[in-house]
Amino acid sequence: MLAIWLVAVGWQVRREYFKPELARLAEAALSLAPGVSFYTLELGGRAIGLATSKLDTIPDGFVLEDIMSLELPALGQTGSAVARTQVELTKTLRMRRFDFGLDSEVGTFAARGRVQGDTLLSVSVDAGGSVEDLEYRLAEPPVFAAVLPIRMAIGEGLEVGRRFRVPVFDPSSLSTRSVEMRVLEHDTISFPDSAFLDPASGRWTPARYDSVPAWRVAEVYGGVQVESWIDEDGRILTASSPLGFSMIRTEYELARQALSDARGAPADLVDADVILTTAVQSDVDLGSVEDHAELRFVLSGVDLDGFDLDGGRQTLRGDTLIVRREDWGSIDPGYTLPYKRMDLADALAPEPLIQSDDERILRKAREITNWRTRWTHDPKTVARQLNGAVYHMLDKQVTISIPSAVQVLESGRGDCNEHTVLFVALARSLGLPTRTAVGLVYVNGAFYYHAWPEVWLDEWVAVDPTFGQYPADAAHIRFVVGGLAQQVEIVRLIGRLDIEVVRGPTDGEG
Numbered sequence: 300m301l302a303i304w305l306v307a308v309g310w311q312v313r314r315e316y317f318k319p320e321l322a323r324l325a326e327a328a329l330s331l332a333p334g335v336s337f338y339t340l341e342l343g344g345r346a347i348g349l350a351t352s353k354l355d356t357i358p359d360g361f362v363l364e365d366i367m368s369l370e371l372p373a374l375g376q377t378g379s380a381v382a383r384t385q386v387e388l389t390k391t392l393r394m395r396r397f398d399f400g401l402d403s404e405v406g407t408f409a410a411r412g413r414v415q416g417d418t419l420l421s422v423s424v425d426a427g428g429s430v431e432d433l434e435y436r437l438a439e440p441p442v443f444a445a446v447l448p449i450r451m452a453i454g455e456g457l458e459v460g461r462r463f464r465v466p467v468f469d470p471s472s473l474s475t476r477s478v479e480m481r482v483l484e485h486d487t488i489s490f491p492d493s494a495f496l497d498p499a500s501g502r503w504t505p506a507r508y509d510s511v512p513a514w515r516v517a518e519v520y521g522g523v524q525v526e527s528w529i530d531e532d533g534r535i536l537t538a539s540s541p542l543g544f545s546m547i548r549t550e551y552e553l554a555r556q557a558l559s560d561a562r563g564a565p566a567d568l569v570d571a572d573v574i575l576t577t578a579v580q581s582d583v584d585l586g587s588v589e590d591h592a593e594l595r596f597v598l599s600g601v602d603l604d605g606f607d608l609d610g611g612r613q614t615l616r617g618d619t620l621i622v623r624r625e626d627w628g629s630i631d632p633g634y635t636l637p638y639k640r641m642d643l644a645d646a647l648a649p650e651p652l653i654q655s656d657d658e659r660i661l662r663k664a665r666e667i668t669n670w671r672t673r674w675t676h677d678p679k680t681v682a683r684q685l686n687g688a689v690y691h692m693l694d695k696q697v698t699i700s701i702p703s704a705v706q707v708l709e710s711g712r713g714d715c716n717e718h719t720v721l722f723v724a725l726a727r728s729l730g731l732p733t734r735t736a737v738g739l740v741y742v743n744g745a746f747y748y749h750a751w752p753e754v755w756l757d758e759w760v761a762v763d764p765t766f767g768q769y770p771a772d773a774a775h776i777r778f779v780v781g782g783l784a785q786q787v788e789i790v791r792l793i794g795r796l797d798i799e800v801v802r803g804p805t806d807g808e809g
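Our numbering applies: residue 300 is where the sequence shown begins, and numbers increase by one.
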């Protein structure tokens, strides 16, 4: 009898505490209640947008819809964009399909995807009418970025000290990254759960506050930590990021009112300017940076492993980075266009946002280089022509976008991202190997985050169509090479990187 009893107890324990993960998730997900949450988006204490998050149940799972509207002050301008995300989930919160869109002044970016089987993710990207189908083979089923807190709350449990690692798919960069979730703290958070219109002032005011148990959780990836307070269902109450952004749960009327108030306030506040708040102040006034043939920088505050700091014009010695400006006159590419060897195939191939095979891009590139009458096969000449053309072609305007070359060509405006993506597409269409570099550039006493192209002229040579430089000055510090999936690595630097400038020789010195 004792043996039977022990077997029965053992079976009960196994059934209750060692259920397969999917079964536990499906059971826990039954407690998820549909609902809508509203948020104020802030930067430096100033409202810059509002967001809505809606969770609905469907017969075989859930649908999560997020809408985010941004009005972001930057260098005296305001960039606006609306991001929409819809993700369909199974009962175990696995991603079944997603639909992501970003509308901005430059154009529309859309990505739609579906998981086939467990680990094949098929994605269709539409950037400016140019549609490309992609497939990703993943080691395990991905968790959609917006679902991660919910997945942790109902799957892993909100116990302080608990942590787990999961692959997370980000639709804005079309990449999957490994994210570690950590439960840091437990407390009670209050937030408005209703609002009323005050007849005397004509303003919306919180009518009542609700206090709920909350857990402070962190999402950690690549040395970056994003913290949120979530409720027992994993719905976000507040969140903050290294960029200085915060998201605060509130009522819709209050969020809309805060954004309206911000529109009437001065737009040049440093704390609410995304470009100024992320800049790294320089300890040296470099004056006219184009006068320096070489500059040296001591980099500190961050782990430099994994960055593309060494190579080409840049040499890394310990924590000291030496950047030399190439001598344009002495460069000998050693080949004629189009580049025929296969060693740089990735720097010649079209990509979802770099449509170098699009007829509009090729036609524009040929027009710039006078292809019909004075076509030159010299890579240096073509690089200079394209650099000058893109510099003069685009109005300098800060944008919030995921730019594609075709959209930039049609809109005729943008910031460094738009200048770079258009240049890269034009160059590749003519057989000139080109890649995207991302890092920082010195302007008026500070280093700002920036993107620029590098062209292959027997070595990677930096040019800058945003500033009209060929080659780019030695105050361009490259940290990352590649597309969106690689560029997210730059977030590791924000708010942590320190730069000490050591002057190098000028053009008139040895």
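Ideal Cβ placement from N, Cα and C applies to all residues, glycine included.
> DSSP three-state call for ILE776: helix, strand or coil?
Replying inline: strand
>> Alpha carbons only, please: which of GLY343, SER527 and ILE660 is nearest the one belonging to ILE574?
In response: GLY343
>> For a minimum of 3 consecutive residues, which ranges assigned as the beta strand (DSSP E) are wholly contained in the region 402–489?
In response: 407–415, 419–426, 429–436 and 462–469
> Between the region 673–688 and the region 388–407, are three or more C-beta pairs nearer than 8 Å?
Replying inline: no
>> Just verifying my parser: in three-state terms, what is the DSSP assignment at SER539?
In response: strand
> How big is the Cα-Cα spacing for ALA322 and SER429?
Replying inline: Because the pLDDT at ALA322 is just 49, under 50, the model does not fix this residue reliably, and the value given afterwards should be weighed accordingly. Straight-line Cα distance between these residues: approximately 41 Å.
>> On the CB-based measure, 16 or more other CB atoms within 10 Å of its CB, does TYR508 come out buried or exposed?
In response: Within 10 angstroms of the beta-carbon of TYR508 lie fewer than 16 other beta-carbons, which makes it exposed.
>> Short of 6 Å in beta carbon distance, which residues of its chain neighbour ASP797, apart from the five on each side in sequence? Order them along the chain.
In response: SER599 and GLY600
>> By alpha-carbon positions, which one of ASP492, SER421, ARG481 and VAL523 ends up nearest to LEU473?
In response: SER421
>> Within 10 Å of its beta-carbon, does GLN415 have 16 or more other beta-carbons around it, so buried, or fewer, so exposed?
In response: exposed
> What distance in whole Å lies between the Cβ atoms of THR675 and HIS718, which are believed to be in contact at a cut-off of 8 Å?
Replying inline: 23 Å between Cβ atoms; not a contact.
> What are the start and end residues of the alpha helix (DSSP H) that includes THR719?
Replying inline: 715–728
>> At the level of alpha carbons, what is the spacing between PHE468 and GLY711?
In response: Each residue's alpha carbon lies about 32 Å from the other.
>> Relative to the C-alpha of THR668, which candidate in ASP572, LEU731 and ASP657 has its C-alpha closest?
In response: Of ASP572, LEU731 and ASP657, the residue nearest in Cα terms is LEU731.
>> Considering only the alpha carbon of each residue, which of ALA774, VAL335 and ARG791 lies closest to ARG548?
In response: VAL335
> So, helix, strand or coil for ARG640, using DSSP?
Replying inline: Note: ARG640 maps to coil in three-state DSSP.
> Got a sec, what are the start and stop residues for the beta strand (DSSP E) THR351 sits in?
Replying inline: Residues 345–357.
> What's the gap between the Cα of SER403 and the Cα of ILE699?
Replying inline: 6 Å
>> Here's the rule I'm using: 16 or more other beta-carbon atoms within 10 Å means buried, otherwise exposed. How should ASN716 be labelled?
In response: buried
>> Between which two residues does the beta strand (DSSP E) holding TYR741 run?
In response: Under the DSSP assignment, TYR741 falls in the beta strand (DSSP E) whose first and last residues are 733–742.
> Can you name the start and end residues of the beta strand (DSSP E) that ILE621 belongs to?
Replying inline: Here the beta strand (DSSP E) through ILE621 covers 619–623.
>> Can you tell me whether TYR551 is helix, strand or coil according to DSSP?
In response: helix
> Nearest to TYR820 by alpha carbon, out of PRO448, GLY412 and ALA445?
Replying inline: With the chain running from 300 to 809 in the structure shown, residue 820 is simply not present.
> Does any CB atom of chain C fall closer than 7 Å to the CB of PHE463?
Replying inline: No chain C is present in this structure, which holds just one protein chain.
>> Let's see if you can read the secondary structure: which residues bound the alpha helix (DSSP H) around ALA784?
In response: 783–786
> Counting pairs of Cβ atoms below 8 Å between the region 583–592 and the region 749–756, do you hit three or more?
Replying inline: no
> Apart from the five residues just before and just after VAL737, which ones in its own chain have a Cβ nearer than 6 Å to its Cβ?
Replying inline: If we look at VAL737 and ignore the five residues flanking it on each side, its Cβ neighbours are ALA750, VAL779, GLN786 and ILE789.
>> Let me check understanding here. Comparing Cα to Cα, which of ASP607, THR733, LYS663 and ASP584 lies closest to ASP642?
In response: THR733
> Hey, would you say ALA438 sits closer than 7 Å to VAL424, going by beta carbons?
Replying inline: The Cβ atoms of ALA438 and VAL424 lie no closer than 7 Å to each other.
> Which value, in whole angstroms, describes the spacing of the CA atoms of ASP567 and GLY378?
Replying inline: The pLDDT assigned to ASP567 is 48, lower than 50, so where the model puts this residue is not dependable, and the model offers no usable value.
> Where does the unbroken alpha helix (DSSP H) through VAL573 begin, and where does it stop?
Replying inline: 573–577
>> Taking a contact to mean a Cβ-Cβ separation below 7 Å, would you say ALA452 touches ASP532 in this structure?
In response: In this structure, the beta-carbon distance from ALA452 to ASP532 falls below 7 Å.
>> Just checking ARG777 against the ligand MG - is the residue's beta carbon closer than 6 Å to any of the ligand's heavy atoms?
In response: This structure does not include the ligand MG; it has no bound ligands of any sort.
> Where DSSP assigns a beta bridge to TYR690, which residues make up the other side?
Replying inline: DSSP output for TYR690 lists no bridge partner at all.
>> So, at 7 Å on beta carbons, what are the nonlocal neighbours of ALA445 in its own chain, with the 5 sequence-adjacent residues on each side left out?
In response: Closer than 7 Å at Cβ, skipping near neighbours: LEU363, ASP365, THR384 and VAL386.
>> Determine whether the beta carbon atoms of GLY289 and ASP757 lie at a separation below 7 Å.
In response: The shown model of the chain, from 300 to 809, leaves out residue 289, and the question about it has no answer.
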